[in-house]
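Participant: Following this message is one structure expressed as structure tokens.
There are 2 protein chains.
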Amino acid sequence: MTTSLPNTQPADPVDPRLAECSATPDVRPALFSPAEYDRRLQAVRRTMDHQGLGALVVTDPANIFYLTGYDAWSFYTPQMLFVPDEGDMLLFLREMDANGAFRTSWLPPDQIVGYPERYVHRPHLHPFDWVAFALRRRGRIAPAARGCVGLEMDSHFFSPKGYRSLVNALPEWTLVDSFELVNWARAVKSDAEIQYMRTAARVTTAAMQAAIDAIEPGAPQNRVAAQIARAQAEGVGDAWGDFPAIVPMLPTGASADTPHLTWSDRVLREGDAVVVELAGAHRRYHVPLARTVMLGPPSDELLRLEAAVAAGLQAVLDTVAEGVPVQELASAWNWSLAEHGLEKHSRLGYSIGIGYPPDWGERTISIRTEDESVLAENMTFHVICGMWMTGYGYEVSESVRVTRTGVETFTSFPRALIRK
Amino acid sequence: MTTSLPNTQPADPVDPRLAECSATPDVRPALFSPAEYDRRLQAVRRTMDHQGLGALVVTDPANIFYLTGYDAWSFYTPQMLFVPDEGDMLLFLREMDANGAFRTSWLPPDQIVGYPERYVHRPHLHPFDWVAFALRRRGRIAPAARGCVGLEMDSHFFSPKGYRSLVNALPEWTLVDSFELVNWARAVKSDAEIQYMRTAARVTTAAMQAAIDAIEPGAPQNRVAAQIARAQAEGVGDAWGDFPAIVPMLPTGASADTPHLTWSDRVLREGDAVVVELAGAHRRYHVPLARTVMLGPPSDELLRLEAAVAAGLQAVLDTVAEGVPVQELASAWNWSLAEHGLEKHSRLGYSIGIGYPPDWGERTISIRTEDESVLAENMTFHVICGMWMTGYGYEVSESVRVTRTGVETFTSFPRALIRK
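The listed protein sequences correspond, in order, to chains A and B.
According to the working numbering, the residues represented by the first sequence are 1 to 420, in order.
According to the working numbering, the residues represented by the second sequence are 421 to 840, in order.
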């Protein structure tokens with residue numbers, strides 16, 4: 001398999017315009033080499049074979065991006081990348097989005113199929129009714145059924161209605177959960193991916209600095225969010241900012257005891273601790289970062305928390321290296337925190353990389369004692385020490401790359417409570 | 421049913437911290453009156469009764485917000501609002517987010533239940549396994565099974581895995597698709613909701629102006645996006661900006677033939693037509709708007725498109741009034757466009773209001789000839805005349821409110837091609 005440049009080959013009958021586009025500009029260059037896309041597909045197919053899958057149905061936009069480069073805000077209507085164990089992949093998406101796949105993915109037009117607009121948001125139809133028939137019409141049903149067909153049963157944009165469409169329309173298929181198969185293939189990054197993450201980290205640093213500059217008594221939260229959002233898109237020089245998968249979080253004052261509240265016009269006051277959690281993104285690769293900004297003198301309990309978290313985070317970073325079980329990171333954290341009389345119930349971090357809303361995590365490795373993964377070089381994590389206490393909270397995080405002997409942090413922001 | 425202020429009643433055993441929070445600040449005031457929340461629930465229950473449902477399982481974050489006020493970026497892990505035909509609703513969400521529900525929803529603590537962290541992102545568990553047992557333990561299974569139990573089978577954040585958890589754990593329940601039941605209840609806005617949308621429209625106007633100011637030859641797309649994002653959060657005075665459900669879209673030049681591409685660092689040039697599609701949001705209510713900005717003299721074909729779209733949009737707005745079938749709007753558009761020798765395959769617009777990523781549409785009424793809805797006062801739509809031609813495109817839209825005799829547009833931006 002090689003990546004193909006747009007050509008003049010006739011496209012699927014559904015969207016004849018594709019063939020006419022071949023001479024137009026504004027086709028994005030591929031983000032990765034043909035060899036890298038080929039390696040990704042081969043790795044996915046090896047796991048498919050291992051799990052007894054004759055085909056895989058991919059619906060997670062991050063996984064579709066990983067395998068094809070397709071990148072657009074089109075995932076609010078159903079999309080499917082059909083990955084057979086051999087032969088061409090097929091990308092099914094809404095008719096009006098087929099051109100977008102032509103412009104951003106490496107797939108040749110005959111592997112991009114638009115489903116008709118009349119299947120969008122209809123109570124008694126689902127686009128996958130049409131897609132199932134399109135697969136049948138192309139003779140792609142039987143070959144795929146050499147084994148089971150894997151489905152991403154917990155993908156955000158694959159609904160039970162879409163699932164039942166496939167169950168009803170493809171009775172020959174034995175459907176099984178693929179268990180984040182492609183997400184797992186994403187866990188170890190290539191050098192090219194690491195480069196994109198280092199570029200994203202420059203956006204992250206600029207956005208965190210914009211946050212710290214904007215946080216002051218009298219500023220409403222939404223004005224702080226505005227400066228972060230500006231910096232996240234603006235980036236720095238050639239490190240241009242892509243949209244982050246999650247908006248900036250600014251848990252403030254007493255409400256910093258809960259992590260996922262978004263901003264309002266709540267005015268910052270002297271005495272507030274403001275938690276800032278954000279990511280810089282570049283070409284869909286994310287580097288998240290959290291810091292806590294204190295307006296005025298911190299309370300004794302916040303200072304104790306700062307010291308405990310600093311020690312715990314350092315203990316975790318000191319533990320990271322290729323070959324170390326992930327649960328040892330969690331243990332290092334738990335032991336260190338226990339020495340300060342504290343504990344944290346929620347996971348300490350998660351694997352990161354490509355992100356689409358609503359999440360920049362990969363939904364695979366979580367840093368917690370139940371996780372059985374082992375660290376490998378070029379795995380990347382957001383290690384987030386979020387302590388949500390009663391009526392206050394504190395967060396410090398680092399995004400890191402596992403190296404053969406230790407750890408690389410993507411950013412170099414001071415790791416303490418930031419006093420203003 | 422009345423809304424309850426936070427009290428000192430013991431919360432669910434899972435999250436004892438809730439009870440301690442009662443005296444803390446940073447609890448958001450309810451966005452709507454207790455009477456309005458009550459009317460919403462009663463309307464939903466009337467439809468449930470009509471559709472033979474003894475209970476409804478709500479997973480769409482916009483629907484949860486509509487019924488409870490709960491607002492946080494927590495929908496990347498499973499959430500469920502259980503709505504029985506009588507008795508208290510129960511909101512299930514991740515343990516760390518229970519405090520957020522306490523801080524933003526009107527629900528009393530005993531109706532907020534956090535599921536344990538160990539159910540998050542585990543391959544062989546799903547939070548709804550736990551939720552199903554929690555419902556059983558509370559004796560909420562049998563009463564709900566007086567009829568069928570409705571599920572939002574096409575909700576973005578309800579996965580097939582979650583669906584199968586409920587199927588397996590609640591065999592007493594007869595599950596049926598609720599067909600966007602709550603979404604339909606949202607179609608006609610209250611006066612209070614219209615006021616939030618008018619406030620959102622002020623954010624929209626500021627964001628569109630920021631876009632037009634930033635679009636110039638030599639500016640990279642991401643710098644334009646940065647200025648839009650800043651204005652979207654900053655807002656204007658008390659019209660503060662909430663995060664929009666979709667990032668700004670900037671289809672540019674030849675790639676304006678496809679609607680959903682996001683920005684890159686592509687530099688704008690003399691001769692580019694730049695489509696801007698964005699929304700202002702205020703307290704989760706959205707007012708979208710699209711315009712096209714031309715750098716330099718427009719081509720003859722773009723001018724013809726401008727004239728055709730202007731006439732078509734005017735024909736649609738002249739048709740809007742309470743009692744008019746939605747398909748007449750589509751017909752008015754189609755006839756007008758046909759007079760210019762054009763046609764548009766995709767829908768002309770959709771119902772709007774509350775939005776969470778990835779969509780600000782309500783997924784109910786679409787303006788197209790297949791739609792059988794009839795316009796009612798205080799329905800609100802994004803009428804989007806998006807023409808994606810071969811190698812270029814043009815968009816103009818209006819967000820509108822249906823009145824008894826006609827139409828109110830939320831913004832008053834000049835409706836022509838904007839020349840710079």
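Backbone N, C-alpha and C fix where the C-beta goes; we use that ideal spot for every residue, glycine too.
Which one or two residues does DSSP pair with A:W388 in a beta bridge?
Facilitator: A:G393
Participant: Run through DSSP, which three-state label would A:Y163 get?
Facilitator: Residue state, collapsed to three classes: helix.
Participant: Entirely within the region 664-706 of chain B and at least 3 residues each: give me those beta strand (DSSP E) ranges in chain order.
Facilitator: 693-702
Participant: Helix, strand or coil for A:E172? Go by DSSP, reduced to three states.
Facilitator: coil
Participant: Quick one, which residues of the region 158-172 of chain A are near chain B if we go by CB-CB under 7 Å, in chain order?
Facilitator: F158, S159, P160, K161 and Y163
Participant: Can you give me the Cβ contacts of A:T204 inside the same chain, cut-off strictly under 8 Å, excluding the 5 residues immediately before and after it?
Facilitator: Within the same chain, A:T204 has close Cβ partners L278, A279, G280, V287, P288, L289, S399, F410 and T411.
Participant: Could you tell me which residues DSSP pairs with A:T421 in its beta bridges?
Facilitator: The displayed coordinates of chain A run from 1 to 420. Any statement about residue 421 of chain A would go beyond what the structure contains.
Participant: If the criterion is Cβ atoms closer than 7 Å, does the pair A:P34 and A:Y356 meet it?
Facilitator: The answer is no: Cβ separation not under 7 Å.
Participant: Going by the CB atoms, is the gap between A:G253 and A:D272 shorter than 7 Å?
Facilitator: yes
Participant: In angstroms, rounded to a whole number, what distance separates the CA positions of B:D779 and B:W493?
Facilitator: 14 Å
Participant: Out of curiosity, what's the CA-to-CA distance linking A:I352 and A:D300?
Facilitator: 34 Å
Participant: Need the endpoints of the beta strand (DSSP E) that A:V326 sits in, please.
Facilitator: Counting along the chain, A:V326 falls outside any beta strand (DSSP E), though it belongs to the alpha helix (DSSP H) covering V326 to E339.
Participant: Taking only the alpha-carbon atoms, compute the straight-line gap between B:V687 and B:G638 and give it to the nearest angstrom.
Facilitator: 6 Å
Participant: Over what stretch of residues does the alpha helix (DSSP H) that includes A:I212 continue unbroken?
Facilitator: For A:I212, the enclosing alpha helix (DSSP H) has its first and last residue at D191 to A214.
Participant: Starting from the C-beta of B:D662, find all residues in its chain whose C-beta is less than 7 Å away, skip the five residues before and the five after it, and write them out in chain order.
Facilitator: A701, H702, R703 and R704
Participant: Exposed or buried, B:D738, counting other C-beta atoms within 10 Å across all chains shown (16 or more means buried)?
Facilitator: Around the CB of B:D738, fewer than 16 other CB atoms lie within 10 Å, so the residue is classed as exposed.
Participant: How many angstroms separate the CA atom of B:T842 from the CA atom of A:A307?
Facilitator: Residue 842 of chain B falls outside the range modelled here, since chain B spans only 421 to 840, and no answer is possible.
Participant: If the cut is a Cβ gap below 7 Å, which residues of chain A does B:G655 touch?
Facilitator: N222
Participant: Starting from A:W360, trace the beta strand (DSSP E) in both directions and tell me its first and last residue.
Facilitator: D359 to S366
Participant: With 7 Å set as the bound, which would you pick, yes or no: does the beta-carbon of B:Y539 sit closer than that to a beta-carbon of chain A?
Facilitator: Among the residues facing chain A, B:Y539 is not included, as its CB has no counterpart in that chain under 7 Å away.
Participant: With 7 Å set as the bound, which would you pick, yes or no: does the beta-carbon of A:T205 sit closer than that to a beta-carbon of chain E?
Facilitator: The displayed structure is made up of protein chains A and B, and chain E is not among them.
Participant: Look up B:V447 in the DSSP assignment and give the residues it is bridged to.
Facilitator: Answer by DSSP bridge pairing: none, since B:V447 is not bridged.
Participant: If I follow the unbroken alpha helix (DSSP H) through B:M468, where does it start and stop?
Facilitator: P454 to H470
Participant: For A:A321, which of A:T403, A:N168, A:S331 and A:A338 has the nearest alpha-carbon?
Facilitator: A:T403
Participant: According to the neighbour-count rule (16 or more other Cβ atoms, all chains shown, within 10 Å of its Cβ), is B:W526 buried or exposed?
Facilitator: buried
Participant: Should the region 796-805 of chain B be called in touch with the region 127-138 of chain A, which here means at least 3 C-beta pairs below 8 Å?
Facilitator: no
Participant: Compare the Cα-Cα distances from B:P498 to each of B:L513, B:P580, B:Y814 and B:G813 and report the closest residue.
Facilitator: For the options B:L513, B:P580, B:Y814 and B:G813, the alpha carbon positioned closest to that of B:P498 is the one of B:L513.
Participant: State the Cα-Cα distance for the pair B:L722 and B:E782, rounded to the nearest angstrom.
Facilitator: 31 Å
Participant: What residues are listed by DSSP as bridge partners for B:D828?
Facilitator: In the sequence on display, residue 828 of chain B carries Glu and not Asp. Answer is B:R821.
Participant: Is there at least one Cβ from chain A nearer than 7 Å to B:H802's Cβ?
Facilitator: no
Participant: Counting only Cβ pairs nearer than 9 Å, list the residues of chain B close to A:F179.
Facilitator: P543 and H544
Participant: In three-state terms, what does DSSP make of B:A728?
Facilitator: helix
Participant: Measure the C-alpha to C-alpha separation of A:E234 and A:R202 and round it to an integer number of angstroms.
Facilitator: 11 Å
Participant: Note down, in chain order, all residues in the region 661-678 of chain B with a beta-carbon under 8 Å from any beta-carbon belonging to chain A.
Facilitator: So the list reads G661, D662, F663, I666, V667, M669, T672, G673, A674, S675, D677 and T678, given in the order they occur along the chain.
Participant: Would you say the region 45-63 of chain A touches the region 140-155 of chain A, given that touching needs at least three Cβ pairs under 8 Å?
Facilitator: yes
Participant: Excluding the five sequence neighbours on either side, which residues of its own chain have a C-beta within less than 8 Å of the C-beta of A:V324, listed in chain order?
Facilitator: V374 and L375
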